[in-house]
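Chemist: In numbering that gives the first Met the number 0, the protein residues as written are 0 to 98.
C-beta: ideal position from N, C-alpha, C; glycine also.
In this text, all values refer to a predicted model and were calculated from it rather than measured experimentally.
Okay, here's the structure, questions in a sec.
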Amino acid sequence: MICNGDEGDPGAFMDRSVLEGDPHAVLEGMFDCRPRHGSHQRRLLHSRRYPLAVERIEKAIRQARAAGLIGKNILDSGWAFDFEIRLGAGALSAAKRRR
């Protein structure tokens, strides 16, 4: 499952604001999708243009891992689940490549 937080619309800041303001809610929403998708890995695609959002989601992942809520053997359940961040180049870079 992939969460696309790399906004492509000029002037759009919805993804950025939720990732900066409540990154744990993003992780929780992705975690809650696990029964439907069956995957043990979630990827977050985010833009390098918003370093504060990236910093905060990385911190939220570290906190969840430290609390035993994600990673290997979650809360001694034998179940594994984790997150990975992939940084995109952003819409402006994509538009430049198409020229």
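Grouping DSSP H, G and I as helix and E and B as strand, with all else coil, what is G28?
Modeler: Counting from 1 along the sequence shown, the entry for residue 28 is found at position 29. DSSP places G28 in helix when its eight states are reduced to three.
Chemist: Can you give me the C-alpha to C-alpha distance between G67 and G4, rounded to a whole angstrom?
Modeler: To locate residue 67, count along the sequence shown from 1; it is residue 68. To locate residue 4, count along the sequence shown from 1; it is residue 5. Going from the Cα of G67 to the Cα of G4 covers about 25 Å.
Chemist: In this structure, how does DSSP classify D21 when only helix, strand and coil are distinguished?
Modeler: Within the sequence shown, residue 21 is the residue found at index 22, counting from 1. Residue state, collapsed to three classes: coil.
Chemist: What three-state label does DSSP hand D81 in the structure shown?
Modeler: Translated into positions along the sequence shown, residue 81 becomes position 82. D81: strand per DSSP, three-state reduction.
Chemist: Taking its Cβ as the centre, do 16 or more other Cβ atoms sit within 10 Å of S16, making it buried, or is it exposed?
Modeler: As a position in the sequence shown, residue 16 is number 17, starting the count at 1. Per the 10 Å Cβ criterion, exposed.
Chemist: Assign E54 to buried or exposed, taking buried as 16 or more other Cβ atoms, counted over all protein chains shown, within 10 Å of its Cβ.
Modeler: For the purposes of this step, residue 54 is identified with residue 55 of the sequence shown, where counting begins at 1. Under this definition E54 is an exposed residue.
Chemist: In this structure, how does DSSP classify I1 when only helix, strand and coil are distinguished?
Modeler: Along the sequence shown, read from residue 1 onward, the residue named residue 1 stands at position 2. Of the three classes helix, strand and coil, the one that applies to I1 here is strand, per DSSP.
Chemist: Give the secondary structure of R48 by DSSP, where H, G and I count as helix, E and B as strand, and everything else as coil.
Modeler: By one-based count along the sequence shown, residue 48 stands at place 49. R48: coil per DSSP, three-state reduction.
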